[in-house]
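The listed protein sequences derive, respectively, from chains Z and V. Mapping to the numbering used here: the first sequence position 27 is 28, numbers consecutive. Mapping to the numbering used here: the second sequence position 24 is 26, numbers consecutive.
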Amino acid sequence: MIEFTYKIKDENGIHARPAGLLVGEAKKFQSNIKITNIVNEKSADAKGLFGLMGLCVKKDNEIKVSVEGEDENEAAETIKDFLEENF
Amino acid sequence: MTVLKGNGVFGGIAFGKLSFYKREDEEIKLKKIKDAEAEVKRYEAAKNQAINELEELYESASEKVGEEEAMIFKIHQMMLDDVDYCESIINIIKSENANAEYAVWVTARNFSSMFSDMDDSYMKERATDVMDVSKRLIKIICESDENVHSYSEPCIVGADDLTPSETVQFNEDTVKAFVTAYGSTNSHTAILARTMNIPAVVGIGNGLKKEFDGCEIIVDGYSGTVYVLPDVTTIERLKKKQELCEYENKQLQSLKGIESVTKDGQKVNLYANIGSLSDLKMVLQNGAEGIGLFRSEFLYLKRHSYPTEDEQFDAYKKVIEKMEGKRVIIRTLDIGADKKVKYFNLPQEENPAMGYRAIRICLDRTEVFKTQLRAIYRASKYGKVSIMFPMIISVDEVLKIKDIINEVKKELDFSNIEYSDDVEIGIMIETPAAVMISNELAKEVDFFSIGTNDLTQYTLAVDRQNNKINSMYDPNHKAILRMIKIAADNAHKNGIWIGICGELAADDSLTETFLSIGIDELSMSAPFILNIKKKVLNADVSKIKEKVLSQL
Numbered sequence: 002m003i004e005f006t007y008k009i010k011d012e013n014g015i016h017a018r019p020a021g022l023l024v025g026e027a028k029k030f031q032s033n034i035k036i037t038n039i040v041n042e043k044s045a046d047a048k049g050l051f052g053l054m055g056l057c058v059k060k061d062n063e064i065k066v067s068v069e070g071e072d073e074n075e076a077a078e079t080i081k082d083f084l085e086e087n088f
Numbered sequence: 003m004t005v006l007k008g009n010g011v012f013g014g015i016a017f018g019k020l021s022f023y024k025r026e027d028e029e030i031k032l033k034k035i036k037d038a039e040a041e042v043k044r045y046e047a048a049k050n051q052a053i054n055e056l057e058e059l060y061e062s063a064s065e066k067v068g069e070e071e072a073m074i075f076k077i078h079q080m081m082l083d084d085v086d087y088c089e090s091i092i093n094i095i096k097s098e099n100a101n102a103e104y105a106v107w108v109t110a111r112n113f114s115s116m117f118s119d120m121d122d123s124y125m126k127e128r129a130t131d132v133m134d135v136s137k138r139l140i141k142i143i144c145e146s147d148e149n150v151h152s153y154s155e156p157c158i159v160g161a162d163d164l165t166p167s168e169t170v171q172f173n174e175d176t177v178k179a180f181v182t183a184y185g186s187t188n189s190h191t192a193i194l195a196r197t198m199n200i201p202a203v204v205g206i207g208n209g210l211k212k213e214f215d216g217c218e219i220i221v222d223g224y225s226g227t228v229y230v231l232p233d234v235t236t237i238e239r240l241k242k243k244q245e246l247c248e249y250e251n252k253q254l255q256s257l258k259g260i261e262s263v264t265k266d267g268q269k270v271n272l273y274a275n276i277g278s279l280s281d282l283k284m285v286l287q288n289g290a291e292g293i294g295l296f297r298s299e300f301l302y303l304k305r306h307s308y309p310t311e312d313e314q315f316d317a318y319k320k321v322i323e324k325m326e327g328k329r330v331i332i333r334t335l336d337i338g339a340d341k342k343v344k345y346f347n348l349p350q351e352e353n354p355a356m357g358y359r360a361i362r363i364c365l366d367r368t369e370v371f372k373t374q375l376r377a378i379y380r381a382s383k384y385g386k387v388s389i390m391f392p393m394i395i396s397v398d399e400v401l402k403i404k405d406i407i408n409e410v411k412k413e414l415d416f417s418n419i420e421y422s423d424d425v426e427i428g429i430m431i432e433t434p435a436a437v438m439i440s441n442e443l444a445k446e447v448d449f450f451s452i453g454t455n456d457l458t459q460y461t462l463a464v465d466r467q468n469n470k471i472n473s474m475y476d477p478n479h480k481a482i483l484r485m486i487k488i489a490a491d492n493a494h495k496n497g498i499w500i501g502i503c504g505e506l507a508a509d510d511s512l513t514e515t516f517l518s519i520g521i522d523e524l525s526m527s528a529p530f531i532l533n534i535k536k537k538v539l540n541a542d543v544s545k546i547k548e549k550v551l552s553q554l
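See the structure below:
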């Protein structure tokens with residue numbers, strides 16, 4: 002399992018449109034990808050839009066990403082890049 | 003007369019009959035079914051159909067209002083496909099032997115209340131989206147085709163709030179305005195009103211009563227006011243206001259086909275800046291005479307690897323063909339500083355605005371640069387193309403660029419690939435260095451284009467992104483205007499043309515100054531073009547030139 006944290010820089014936090022794109026990225030991989038909002042300790046599967054939006058992630062919140070599965074290395078790398086570019 | 007107050011989201015005044023948007027009865031009853039598996043199949047078929055419908059809506063909305071706004075239908079697709087949402091529906095069908103529409107209804111209510119309970123206005127709005135997609139699904143399951151509210155008679159549409167799939171069905175020619183009880187300036191109603199160019203007042207509250215249905219009303223989008231059954235004086239007053247506003251808009255629109263020439267016959271090209279293919283619509287709507295700055299960065303952003311030559315070629319070709327022979331100036335990659343792209347693997351820098359960026363990267367990573375140039379040259383045969391290079395500080399850079407261009411052309415010749423042989427080569431004037439040596443630079447290129455944003459930052463030594471010194475960032479500073487004049491004089495002395503493509507080009511208080519300096523082209527965001535054109539048409543340069551120049 003690979004874990005890393007990321008601090009949201011986007012003014013709007015995790016909102017519908019970028020969340021939708023993140024779901025699209027996550028679905029490319031077989032690994033389980035879990036995202037936890039460290040502030041309120043809510044967790045969600047990165048492959049579900051409602052779950053992600055329900056995390057109430059705002060600017061400056063830190064999130065923890067846990068990736069587990071056969072393609073975890075590649076998945077973690079891609080998700081990390083995606084977060085840095087979009088959030 | 004009743005006067006209602008809300009938030010105006012788009013200027014404009016509309017008169018008409020209020021027509022409330024009618025929805026079907028919303029309560030859905032539980033019916034016990036026998037075969038849960040069959041019911042799940044019924045739900046899944048409906049879900050697939052809904053996703054297909056949304057795809058169609060997405061495509062039609064992309065054309066009508068642009069890809070950005072249409073994205074909401076993609077989000078709706080994902081909502082329908084969401085794991086938790088689907089699981090909840092199937093669970094309810096199986097555990098309660100419930101009919102599919104009921105299962106969707108209960109699920110929709112749960113998910114939408116999750117959003118409406120959040121303490122974030124944007125997230126609260128998403129509750130409407132959940133209900134919107136769910137209703138679509140229920141409608142398909144029930145196979146009851148809702149009457150399409152196309153509003154063939156002119157009217158003003160009233161509603162509690164409108165969902166994106168409702169607004170997209172409206173006929174643009176007959177719907178004159180929107181008024182809603184709820185919704186904020188973030189809501190889809192607001193966004194669509196803006197893109198459809200009609201006034202709207204949202205968030206009126208309970209004052210917007212159902213019994214007003216069919217009443218004559220006036221919507222004033224400027225002040226956010228709705229007048230129900232207006233009296234004669236109000237009608238008169240608003241008619242005057244409407245006439246005045248329409249007159250101004252019409253006057254500007256009527257300038258569309260007119261050539262931008264001053265009273266004394268000085269021609270200045272009014273071009274548009276674009277940053278993506280979806281900006282083209284506004285370019286054509288505002289009658290731009292060409293594209294003065296095509297920012298090619300969008301091809302490189304939001305992705306994980308370099309765009310291929312073919313991908314770039316397709317994008318350039320599309321723009322060039324759409325412009326039908328009018329000049330299209332493509333600026334090569336301007337990345338670095340505040341625009342970061344992960345796969346470029348650029349190092350962290352202390353001072354990125356003065357660091358490894360734009361042409362500096364291109365001349366260092368020539369393969370990336372050559373791919374872009376090849377794509378541009380291949381597309382050049384479909385119209386009139388110019389290329390310009392950002393962040394130039396020396397003649398040596400220009401010579402290196404020209405060498406690379408010659409290599410690219412040789413390779414194309416070798417592979418028997420056609421390209422236009424009158425592609426103009428120009429440079430951005432955005433560093434004080436380029437201004438100071440503009441006489442030498444002008445001998446090597448076909449045109450200059452002044453990037454006022456960076457030129458201001460570098461000349462005044464004021465960081466654009468530092469809020470503390472925001473008030474010192476003054477692009478109207480005399481130093482900048484003098485720099486523009488120096489560059490223009492050197493350009494003309496060497497027989498080449500010069501344009502301005504920064505924010506400053508749209509500043510109508512400077513149009514006369516630019517005309518007096520002899521700027522040949524002004525390029526700006528498309529919505530500003532007609533206003534500047536008005537300035538140009540009314541200017542008489544011979545009369546003002548001397549005075550304007552003496553003040554510089």
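We treat Cβ as the ideally placed atom computed from N, Cα and C, and that holds for glycine. This one's a predicted model, so the numbers in the text were calculated from it and none came from an experiment.
- prompt: To the nearest angstrom, how far is it from the Cα of V263 (chain V) to the Cα of K252 (chain V)?
  reply: Position 261 of the second sequence, counted from the start, is the residue given in the question as residue 263 (chain V). Position 250 of the second sequence, counted from the start, is the residue given in the question as residue 252 (chain V). About 19 Å.
task: May I ask you to report which of helix, strand or coil DSSP gives K386 (chain V)?
output: In the second sequence, residue 386 (chain V) corresponds to position 384, counting from 1. Judged by DSSP in its simplified three-state form, K386 (chain V) adopts strand.
query: Between S451 (chain V) and M485 (chain V), is the Cβ-Cβ spacing less than 8 Å?
result: Looking up residue 451 (chain V) in the second sequence gives position 449. Looking up residue 485 (chain V) in the second sequence gives position 483. Not a contact, by the Cβ cut-off of 8 Å.
Chain-ordered chain Z contacts of K76 (chain V) [CB-CB under 7 Å]: Counting from 1 along the second sequence, the entry for residue 76 (chain V) is found at position 74. Here the neighbours are G21.
- request: State the CB to CB distance for the pair A290 (chain V) and A528 (chain V), rounded to an integer number of angstroms; the pair is presumed to be in contact (CB under 8 Å).
  value: For the purposes of this step, residue 290 (chain V) is identified with residue 288 of the second sequence, where counting begins at 1. For the purposes of this step, residue 528 (chain V) is identified with residue 526 of the second sequence, where counting begins at 1. Yes, A290 (chain V) and A528 (chain V) are in contact; Cβ-Cβ is about 6 Å, under 8 Å.
message: In the DSSP assignment, the beta strand (DSSP E) including A274 (chain V) goes from what residue to what residue?
response: Start at 1 with the first residue of the second sequence, and residue 274 (chain V) comes out as number 272. Start and end: 271-276.
Stretch-stretch touch, CB-based, cutoff 8 Å, three pairs: the region 351-369 of chain V with the region 469-479 of chain V: No contact exists between the region 351-369 of chain V and the region 469-479 of chain V.
message: Taking beta-carbon pairs under 9 Å, can you tell me which members of the region 5-17 of chain Z lie near chain V?
response: N13, G14, H16, A17
- request: List the residues of chain Z whose Cβ lies closer than 7 Å to the Cβ of K344 (chain V), in chain order.
  value: Position 342 of the second sequence, counting from 1, holds the residue named residue 344 (chain V). Those within 7 Å of K344 (chain V) in chain Z are D82, E85, E86.
query: Does any CB atom of chain Z fall closer than 8 Å to the CB of Y124 (chain V)?
result: Translated into positions along the second sequence, residue 124 (chain V) becomes position 122. Yes, its Cβ sits closer than 8 Å to a Cβ of chain Z.
- prompt: Are the region 344-359 of chain V and the region 404-415 of chain V touching by the rule of at least three beta carbon pairs closer than 8 Å?
  reply: no
- prompt: Interface residues of chain V around D46 (chain Z) at Cβ under 7 Å?
  reply: In the first sequence, counting from the first residue as 1, residue 46 (chain Z) sits at position 45. Here the neighbours are V85.
message: If the criterion is Cβ atoms closer than 8 Å, does the pair A183 (chain V) and F22 (chain V) meet it?
response: For the purposes of this step, residue 183 (chain V) is taken as the residue at position 181 of the second sequence. For the purposes of this step, residue 22 (chain V) is taken as the residue at position 20 of the second sequence. No, Cβ-Cβ distance for A183 (chain V) and F22 (chain V) is not below 8 Å.
- request: Take S440 (chain V) and list the residues in its own chain whose beta-carbon comes closer than 8 Å to its own, dropping the five residues that flank it on each side.
  value: Walking along the second sequence from the start, residue 440 (chain V) turns up at place 438. So the qualifying residues of the chain are I431, F450, I488, A489, N492, A493.
Per DSSP, cross-strand counterpart(s) of G10 (chain V): Translated into the one-based positions of the second sequence, residue 10 (chain V) becomes position 8. DSSP lists V:V203 as the bridge partner or partners of G10 (chain V).
query: What are the boundary residues of the beta strand (DSSP E) that I64 (chain Z) is part of?
result: Along the first sequence, one-based indexing puts residue 64 (chain Z) at 63. First-last of the beta strand (DSSP E) with I64 (chain Z): 63-69.
message: Just to make sure I have the definition right: I need the residues of chain C whose C-beta is within less than 7 Å of the C-beta of L50 (chain Z). Which are they?
response: The structure shown contains no chain C; the protein chains it does contain are Z and V.
task: Report buried or exposed for V234 (chain V), applying the criterion of at least 16 other Cβ atoms within 10 angstroms of its Cβ.
output: Position 232 of the second sequence, counted from the start, is the residue given in the question as residue 234 (chain V). With fewer than 16 other Cβ atoms within 10 Å, it is exposed.
field: Alpha carbon of D222 (chain V) to alpha carbon of T4 (chain V), nearest angstrom
entry: Translated into the one-based positions of the second sequence, residue 222 (chain V) becomes position 220. Translated into the one-based positions of the second sequence, residue 4 (chain V) becomes position 2. Approximately 14 Å between the Cα atoms of the pair.
query: When DSSP builds the beta bridges, which residues end up paired with N1 (chain Z)?
result: Past the edges of chain Z, shown from 2 to 88, lies residue 1 (chain Z), and the structure says nothing about it.
- request: Provide the residue span of the beta strand (DSSP E) that contains S329 (chain V), from first to last.
  value: For this step, residue 329 (chain V) is matched to residue 327 along the second sequence. The question names Ser, but residue 329 (chain V) in the sequence shown is Arg. That run of the beta strand (DSSP E) goes 329-333.
query: What does DSSP give as the partner residues of S396 (chain V) in its beta bridges?
result: As a first step, residue 396 (chain V) must be located in the second sequence, where it is residue number 394. DSSP output for S396 (chain V) lists no bridge partner at all.
task: Could you please give me the residues that DSSP links to L295 (chain V) through a beta bridge?
output: Within the second sequence, residue 295 (chain V) is the residue found at index 293, counting from 1. The partner list for L295 (chain V) (beta bridge, DSSP) reads V:N275.
message: Please tell me whether R380 (chain V) and F296 (chain V) are closer than 8 Å, where the distance is taken between their beta carbons.
response: In the second sequence, counting from the first residue as 1, residue 380 (chain V) sits at position 378. In the second sequence, counting from the first residue as 1, residue 296 (chain V) sits at position 294. No, Cβ-Cβ distance for R380 (chain V) and F296 (chain V) is not below 8 Å.
query: Would a check of beta-carbon distances place M390 (chain V) closer than 8 Å to chain Z?
result: Counting from one through the second sequence, the residue named residue 390 (chain V) turns up at place 388. False, the Cβ-Cβ gap to chain Z never drops below 8 Å.
- prompt: Hey, is M120 (chain V) close to the ligand MG, as in C-beta under 7 Å from one of its heavy atoms?
  reply: The ligand MG is not part of this structure, which contains no ligands at all.
task: Report yes or no: do three or more beta-carbon pairs, one from the region 25-39 of chain Z and one from the region 74-83 of chain Z, lie closer than 8 Å?
output: yes
- request: Tell me, please, whether the CB atom of G55 (chain Z) is closer than 8 Å to any CB atom in chain V?
  value: As a working mapping, residue 55 (chain Z) is identified with position 54 in the first sequence. At least one chain V Cβ lies under 8 Å of G55 (chain Z).
query: How many angstroms separate the CA atom of V538 (chain V) from the CA atom of F180 (chain V)?
result: To locate residue 538 (chain V), count along the second sequence from 1; it is residue 536. To locate residue 180 (chain V), count along the second sequence from 1; it is residue 178. If you take the alpha carbons of V538 (chain V) and F180 (chain V), they lie about 36 Å apart.
query: Since S136 (chain V) contacts A100 (chain V) with CB under 8 Å, what's their CB separation in whole angstroms?
result: Here the question's residue 136 (chain V) lines up with position 134 in the second sequence. Here the question's residue 100 (chain V) lines up with position 98 in the second sequence. So it is not a contact: roughly 15 Å between Cβ atoms.
message: Cβ closer than 8 Å: which chain Z residues qualify as neighbours of M133 (chain V)?
response: Mapped onto the second sequence, residue 133 (chain V) falls at position 131. Those within 8 Å of M133 (chain V) in chain Z number zero; the least Cβ separation is about 13 Å.
message: Does M430 (chain V) come out as helix, strand or coil in the three-state DSSP assignment?
response: For the purposes of this step, residue 430 (chain V) is identified with residue 428 of the second sequence, where counting begins at 1. Under the three-state reduction of DSSP, M430 (chain V) is assigned to strand.
- prompt: Should R138 (chain V) be labelled buried (16 or more other beta-carbon atoms within 10 Å of its own) or exposed?
  reply: Here residue 138 (chain V) refers to the residue found at position 136 of the second sequence. Answer is buried; the Cβ neighbour count reaches 16.
query: Can you name, in chain order, every residue of its own chain whose Cβ lies under 8 Å from the Cβ of T433 (chain V), other than the five neighbours on each side?
result: Position 431 of the second sequence, counting from 1, holds the residue named residue 433 (chain V). Counting only Cβ-Cβ distances below 8 Å, and skipping sequence neighbours, we find M393, I394, I395, D456, L457, Y460.
- request: Taking all protein chains shown into account, decide if G205 (chain V) is buried (16 or more other Cβ within 10 angstroms of its Cβ) or exposed.
  value: As a position in the second sequence, residue 205 (chain V) is number 203, starting the count at 1. Its Cβ being crowded by 16 or more others within 10 Å, G205 (chain V) is buried.
CB contact flag (E442 (chain V), V397 (chain V), <8 Å): Taking the first residue of the second sequence as position 1, residue 442 (chain V) is located at position 440. Taking the first residue of the second sequence as position 1, residue 397 (chain V) is located at position 395. Their beta carbons are under 8 Å apart, which means E442 (chain V) touches V397 (chain V) by this criterion.
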